[in-house]
Amino acid sequence: MVALKTFQKDLREFLDKFDALATSYDHTTNHCSELESLIDDYSKFITNERNKEIWGQLELAKSSEFQQLLLDLRKKSALCVSIMEKYRALKLLNGNDGMTDYFKNIESCIINEFGHFRVCSESKVLLIGSGAFPMTPLLIAKQTGAEVVGIDIDDEAITLGLNVIERLGRDLKIRLENTLVEDLDFTKEATHIIFSSTVERKFEILDQLHARTNEDLVVAMRYGNQLKSLFNYSLKEVDQRKWKMVENISRPRHVFDIALYTKA
Ligand SMILES: C[S@@+](CC[C@H](N)C(=O)[O-])C[C@H]1O[C@@H](n2cnc3c(N)ncnc32)[C@H](O)[C@@H]1O
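Per the working numbering, the very first residue in the sequence shown carries number 5; after that it's consecutive.
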């Protein structure tokens, strides 16, 4: 009972801090280190085994107050992750890049993203939600030579992202655009598509993609269920006439897991 109360109090404190730091973002690196350390603490919180058990008890209780707290935290933490990518881009562009635990965690995820469906130099990879610090396009293009296109709905993320690519991957085959999958010709050619885990509409977009993509496409859907849903949008049912899950890569020590889909 005490553990449950402490857990909920911790969540409310996280929410208040995310709220304050999201509001104080002013397109400079002011408040950067506070947000970095908050996100590192939050990453540890949601990968902590002891918290998993407490999460189970809270889910059973299903109180509407708790459900609301979960929705608010997911939205605010996703916003703060996108701000943290902006800080990282600004720091790099100002000549001062350090790597926080959160980024180390994400980057070690990227290496094995497609499990058995490897990306090679002939692949065409589309990332939905490329962010201001496009580490997925950079790592994939650098390691495999594949062509990578990243899209994002946030203009500032695209502008910063383009500057980061210019600095770290000028010779790589990477393009970033503020556009929608349905308006992008590359969607039809893509061999691999990755969804960022903090894209709220990802399953809606996946459904629409079926008619616009080639038959051999592999989709990597980043997600977080249960405790990890405090930081990620969760898995949803897919239309089984369109998509089948072929692999579910669970990563207990990482902030998100990955489900792979191919056409049914
Ligand atoms: C900051 S990145 C986070 C990347 C993180 N590594 C992950 O996997 O979630 C998420 C980006 O997705 C973008 N985004 C959110 N919804 C989107 C959508 N419907 N289409 C394209 N980008 C979207 C946000 O603007 C944000 O820049």
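Think of the CB as a built atom: it goes at the ideal place given N, C-alpha and C, for glycine as much as any other residue.
Fair warning: this is a prediction, and the values are worked out from it, not measured in the lab.
Comparing C-alpha distances from H258 to each of K232, Y237 and K267 shows the shortest one belongs to K232. Proximity to H35 across K90, L8 and D220 peaks at K90, based on C-alpha coordinates. Taken from the Cβ of L184, at least one heavy atom of ligand 1 lies inside 8 Å.
Uninterrupted beta strand (DSSP E) stretches at least 3 residues long and entirely within the region 144-174 occur at 151-155, given in chain order. Residue nearest to L8 within the set E57, L42 and L188 is E57 (criterion: CA-CA distance). Ligand 1 approaches I132 closely enough that one of its heavy atoms is under 8 Å from the residue's Cβ. In the three-state reduction of the DSSP assignment, R179 falls in the strand class, which pools E and B. Contact annotation, Y227 with T202: C-beta distance approximately 10 Å; criterion of less than 8 Å not satisfied. C-alpha of E17 to C-alpha of T10: approximately 10 Å in a straight line.
At a cut-off of 8 Å, the beta-carbon of I155 counts as near ligand 1: some heavy atom of the ligand is closer than that. Segment contact: the region 80-98 against the region 207-219, fewer than three CB-CB distances shorter than 8 Å; contact not assigned.
Rounded to whole angstroms, the separation of the alpha carbons of H120 and A263 is 12 Å.
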